[in-house]
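Peer 1: Structure below; questions to follow.
2 protein chains.
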Amino acid sequence: MKTPLAGHGPLYRQVHELIVARIVDGQWQPGDLLPSEFDLADEFGVSQGTVRKALNTLAAENLVVRHQGKGTFVAAHTPQRELFHFFHIEGADGARQMPVTSRLLATTNRRASRDEADRLDLPANGHVFTIERIRDLGGRPVIWERIVLPARMFVGLDQLDELPNELYQIYEEFFGVTIHRAIEELRAVAAERAEARHLGLTAGAPLLEVDRLAETVDGTPVEWRLSRCDTRAHHYLSEIV
Amino acid sequence: MKTPLAGHGPLYRQVHELIVARIVDGQWQPGDLLPSEFDLADEFGVSQGTVRKALNTLAAENLVVRHQGKGTFVAAHTPQRELFHFFHIEGADGARQMPVTSRLLATTNRRASRDEADRLDLPANGHVFTIERIRDLGGRPVIWERIVLPARMFVGLDQLDELPNELYQIYEEFFGVTIHRAIEELRAVAAERAEARHLGLTAGAPLLEVDRLAETVDGTPVEWRLSRCDTRAHHYLSEIV
DNA sequence: TTCAAAAAATCTTGTATAAGAGTTATAAGA
DNA sequence: TCTTATAACTCTTATACAAGATTTTTTGAA
Chain A
61 MKTPLAGHGP LYRQVHELIV ARIVDGQWQP GDLLPSEFDL ADEFGVSQGT VRKALNTLAA
121 ENLVVRHQGK GTFVAAHTPQ RELFHFFHIE GADGARQMPV TSRLLATTNR RASRDEADRL
181 DLPANGHVFT IERIRDLGGR PVIWERIVLP ARMFVGLDQL DELPNELYQI YEEFFGVTIH
241 RAIEELRAVA AERAEARHLG LTAGAPLLEV DRLAETVDGT PVEWRLSRCD TRAHHYLSEI
301 V
Chain B
61 MKTPLAGHGP LYRQVHELIV ARIVDGQWQP GDLLPSEFDL ADEFGVSQGT VRKALNTLAA
121 ENLVVRHQGK GTFVAAHTPQ RELFHFFHIE GADGARQMPV TSRLLATTNR RASRDEADRL
181 DLPANGHVFT IERIRDLGGR PVIWERIVLP ARMFVGLDQL DELPNELYQI YEEFFGVTIH
241 RAIEELRAVA AERAEARHLG LTAGAPLLEV DRLAETVDGT PVEWRLSRCD TRAHHYLSEI
301 V
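Note that the protein sequences, when read in sequence, are chains A and B. Start counting the first sequence at 61; every next residue gets the next number (my numbering). Start counting the second sequence at 61; every next residue gets the next number (my numbering).
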């Protein structure tokens, strides 16, 4: 099936954007095998090298995964990848292999607050699901977090029996929502009484607050996650190259 | 001049490593113009495309900067680049264009503490220069920081009349020390009396501590920078893709 | 004859070469 | 100042081979 390119700019960019569009509009799902370079080149009427350049760019952006001999797959979330890629808290010795478990405190299904609507680009009467839980690292409570999700994109989430520790695979498989990028703002705040109690601290103790907004490929904000972390024995790692 | 490749693995990787080695051992200095793709291909006895792949990888690693029509240059620090790339504190409205200025509190030239020697891989009797200062953002004190540098790599630093706000260009131009990568560990801590006073806070107020170790291309740790930031009106930004 | 294992063939990405055209940047000359 | 020439990267195409994975075919044993 031929799909001649009709856009502007370098061909490899047009191929890149066309592939992104197919991923975004659901024609290719996470984990799907894309056609081979040769087949895509034939379909788009460009050289194999041009397709390869587009695919290599997509791979650099973590939108696809390429395996020699197997093919090119739309990137998909796994719990391991989420922990490795999206979780930046580690122990004092750089340990990132400690068990991360979660204890659910509460869930709600309610109208969004003004802040929530603002952060998630919801209409004023929009609904959200919220999840409040404690994350234990190596068996100890380290993080209190509240996750806010647009209800219309996660229909049925409140009826799931169990929520796993890592949620991004669930968003993807059950709701077709794939997290692609997260912006985090970090601050030091004083612990409030409720979270202090959960984390074994006194009110007023310093906590590292991580305010995350997670987006899909097309930039739609789909998760607001506020985490408050006890950094007595852990820290947030950031690498700048 | 011909320099046939003599290593193992893909040719583009060998070219990459040979170029890195020349940068590390000072044959090519920050800001230097590298030979053209065509000339390098001739020197190493590989195709231009192979050189290109190596250079593109180097560019992706921020070791070189490529300009069409001009050439490929060894990356060099500027104050603007340091602020843009290595400085992650921004205002509540996402502002990163606010003036960043510094007020020097103290400098020392002394024997390294055990922690300092450990962090900077110094011998037990190694000497360090330290710089303690306050950084003002938009005219307000926001960050207290202490910078620890191995004295043997920064001979004469303590005799400079003025230290600019951004130091990495100075490290590079005066001492031949180029910062390539920084690892930062972030924690929330309670303000101690001295830094609280400088930042206009009360002792015990939560501060965001950024513990940075900066390294050169070959992995040598050359700067330990401990910053304590008032995050009432600012935050540390981190993006995950 | 059937089934399982091994070998061969095929597919697909990764590496490499070669060449040409286009675009951008700069310097020199009119 | 404008135009032209030169330098150098960027984009594109084509081709070939290596390496890894999967599928198909062949062979041998039960």
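From the three backbone atoms N, C-alpha and C, an ideal C-beta is built for every residue, glycine too. None of the values given here were measured: they were computed from a predicted structure.
1. Leaving aside the five residues before and after residue 298(A) along the sequence, list all residues of the same chain whose C-beta is less than 8 Å from its C-beta, in chain order.
2. Would you grab the beta carbon distance between residue 129(A) and residue 93(A) for me? Rounded to a whole angstrom, and I think it's under 8 Å.
3. Going by C-alpha distance, which of 199(B), 236(B), 191(B), 71(B) is nearest residue 224(B)?
4. Residues of chain A with CB under 7 Å from residue 133(B), in chain order?
5. Give the interface partners of residue 160(B) over in chain A, defined as CB-CB distance under 9 Å, in chain order.
6. Thinking residue 244(A) and residue 202(A) are a contact (beta carbons under 8 Å), I'd like their distance in whole angstroms, please.
7. Is it the case that the Cβ atoms of residue 101(B) and residue 107(B) are separated by a distance below 8 Å?
8. What residues from the segment 137 to 156 of chain A come within 8 Å of chain B, judged by C-beta to C-beta, listed N to C?
9. Leaving out five residues on either side along the sequence, give the residues of the same chain with a beta carbon under 7 Å from the beta carbon of residue 193(A).
10. Taking CB distances under 8 Å as the criterion, tell me whether residue 107(B) reaches chain A.
11. I'd like to check one pair, residue 133(A) with residue 91(A): are the Cβ atoms closer than 8 Å?
12. Which residues does DSSP pair with residue 173(A) in a beta bridge?
13. When DSSP labels each residue in this structure, what does residue 75(B) get in the three-state scheme?
14. Following the continuous beta strand (DSSP E) through residue 274(A), name the residue where it begins and the one where it ends.
15. List the residues that DSSP assigns as beta-bridge partners of residue 201(A).
16. Identify the continuous beta strand (DSSP E) that holds residue 295(B) and give its terminal residues.
17. If you follow the alpha helix (DSSP H) that residue 111(A) is in, where does it begin and where does it stop?
18. Work out the CA separation of residue 136(B) and residue 216(B) for me, nearest whole Å.
19. Comparing alpha-carbon positions, which option in 280(A), 89(A), 268(A) lies nearest residue 295(A)?
20. Going by the DSSP bridge assignment, what does residue 162(B) pair with across the sheet?
21. Can you find a CB in chain B that lies within less than 8 Å of the CB of residue 179(A)?
22. Since residue 80(A) and residue 277(A) are thought to touch, with beta carbons under 8 Å apart, how far apart are those beta carbons, to the nearest angstrom?
23. Beta-carbon separation of residue 64(B) and residue 181(B) under 8 Å?
24. Could you tell me the boundaries of the alpha helix (DSSP H) in which residue 104(A) lies?
25. Let me see if you follow: with CB-CB separation under 8 Å, is residue 203(B) close to chain A or not?
26. For residue 228(A) and residue 122(B), what's the separation of their Cα atoms in angstroms?
27. By DSSP's criteria, residue 235(A) is part of a beta bridge. Which residues make up the other side?
28. Would you kindly report the start and end of the unbroken beta strand (DSSP E) that includes residue 68(B)?
29. For residue 307(A) and residue 173(A), what's the separation of their Cα atoms in angstroms?
30. To which residues of the same chain is residue 62(B) closer than 7 Å at the C-beta, ignoring the five residues directly before and after it?
31. Taking any Cβ of chain A, which residues in the segment 286 to 301 of chain B have a Cβ under 7 Å from it, in chain order?
32. So, are the CB atoms of residue 251(A) and residue 260(A) less than 8 Å apart?
33. Residues bridged to residue 243(B) by DSSP?
34. Whole angstroms are fine: how far does the CA of residue 116(B) sit from the CA of residue 109(A)?
35. Identify the residues that DSSP records as bridge partners of residue 127(A): which are they?
36. Take the Cβ of residue 258(A) as the centre, count every other Cβ of all protein chains shown within 10 Å, and call the residue buried at 16 or more, exposed below.
Peer 2: Taking the coordinates as given:
1. Residue mapping note: residue 298(A) aligns to position 238 of the first sequence, counting from 1. The answer, listed in chain order, is 148.
2. What you label residue 129(A) is simply residue 69 of the first sequence in a count that begins at 1. What you label residue 93(A) is simply residue 33 of the first sequence in a count that begins at 1. Incorrect: roughly 12 Å between the Cβ atoms, too far for contact.
3. For the purposes of this step, residue 224(B) is identified with residue 164 of the second sequence, where counting begins at 1. Checking every option, the nearest Cα to that of residue 224(B) belongs to 191(B).
4. As a first step, residue 133(B) is located in the second sequence; it is residue number 73 there, counting from the start. Under the 7 Å cutoff, chain A gives no residues; its nearest Cβ is about 18 Å from residue 133(B).
5. Against the second sequence, residue 160(B) aligns to sequence position 100. None at all; the shortest Cβ gap to chain A is about 17 Å.
6. The residue given as residue 244(A) occupies position 184 in the first sequence. The residue given as residue 202(A) occupies position 142 in the first sequence. Rounded, the Cβ-Cβ distance is 17 Å, inconsistent with contact.
7. On the second sequence, residue 101(B) is found 41 positions in, with the first residue counted as 1. On the second sequence, residue 107(B) is found 47 positions in, with the first residue counted as 1. Yes, these two residues count as a Cβ contact at 8 Å.
8. 145, 146, 148
9. Walking along the first sequence from the start, residue 193(A) turns up at place 133. Excluding sequence neighbours, residue 193(A) sits near 162, 163, 164, 165, 205.
10. Position 47 of the second sequence, counting from 1, holds the residue named residue 107(B). Closer than 8 Å: no.
11. In the first sequence, the residue the question calls residue 91(A) occupies position 31. In the first sequence, the residue the question calls residue 133(A) occupies position 73. Yes. Within cutoff.
12. Position 113 of the first sequence holds residue 173(A). Partner(s): none; residue 173(A) has no beta bridge.
13. Here residue 75(B) refers to the residue found at position 15 when the second sequence is read from its first residue. Residue state, collapsed to three classes: helix.
14. Here residue 274(A) is taken as the residue at index 214 of the first sequence, counted from 1. Taken as a continuous stretch (DSSP letters only), the beta strand (DSSP E) holding residue 274(A) covers 266 to 275.
15. Here residue 201(A) refers to the residue found at position 141 of the first sequence. DSSP, once it has assigned bridges, lists 196(A) as partnering residue 201(A).
16. To locate residue 295(B), count along the second sequence from 1; it is residue 235. Where residue 295(B) is concerned, the enclosing beta strand (DSSP E) stretches over 294 to 300.
17. Residue numbering aside, residue 111(A) sits at position 51 when the first sequence is read from its first letter. Where residue 111(A) is concerned, the enclosing alpha helix (DSSP H) stretches over 108 to 120.
18. In the second sequence, the residue the question calls residue 216(B) occupies position 156. In the second sequence, the residue the question calls residue 136(B) occupies position 76. About 21 Å.
19. In the first sequence, residue 295(A) corresponds to position 235, counting from 1. Here the closest residue by C-alpha is 268(A).
20. Counted from its first residue, the second sequence places residue 162(B) at position 102. Partner(s): 195(B).
21. For this step, residue 179(A) is matched to residue 119 along the first sequence. Judged by the 8 Å Cβ criterion, residue 179(A) is not in contact with chain B.
22. By one-based count along the first sequence, residue 80(A) stands at place 20. By one-based count along the first sequence, residue 277(A) stands at place 217. Confirmed, about 7 Å.
23. In the second sequence, the residue the question calls residue 64(B) occupies position 4. In the second sequence, the residue the question calls residue 181(B) occupies position 121. Result no, Cβ atoms of residue 64(B) and residue 181(B) do not sit closer than 8 Å.
24. Against the first sequence, residue 104(A) aligns to sequence position 44. Element bounds for residue 104(A): 97 to 104.
25. Working through the second sequence from its first residue, we reach residue 203(B) at position 143. Not an interface residue.
26. As a first step, residue 228(A) is located in the first sequence; it is residue number 168 there, counting from the start. As a first step, residue 122(B) is located in the second sequence; it is residue number 62 there, counting from the start. Near 31 Å, if we compare the C-alpha coordinates of residue 122(B) and residue 228(A).
27. Against the first sequence, residue 235(A) aligns to sequence position 175. In the DSSP output, where bridge partners are listed per residue, residue 235(A) has none listed.
28. Position 8 of the second sequence holds residue 68(B). Element bounds for residue 68(B): n/a, residue is neither H nor E.
29. The displayed coordinates of chain A run from 61 to 301. Any statement about residue 307(A) would go beyond what the structure contains.
30. On the second sequence, residue 62(B) is found 2 positions in, with the first residue counted as 1. Cβ within range, chain order: 103, 105.
31. 291, 295, 296, 297, 298, 299, 300, 301
32. Sequence index remark: in the first sequence, residue 251(A) carries index 191 (1-based). Sequence index remark: in the first sequence, residue 260(A) carries index 200 (1-based). Cβ atoms of residue 251(A) and residue 260(A): not closer than 8 Å.
33. Within the second sequence, the letter at position 183 stands for residue 243(B). Per DSSP, 299(A), 273(B).
34. Position 49 of the first sequence, counted from the start, is the residue given in the question as residue 109(A). Position 56 of the second sequence, counted from the start, is the residue given in the question as residue 116(B). C-alpha separation (whole angstroms): 16 Å.
35. In the first sequence, residue 127(A) corresponds to position 67, counting from 1. According to DSSP, residue 127(A) bridges with 131(A).
36. For the purposes of this step, residue 258(A) is taken as the residue at position 198 of the first sequence. Buried is the call here.
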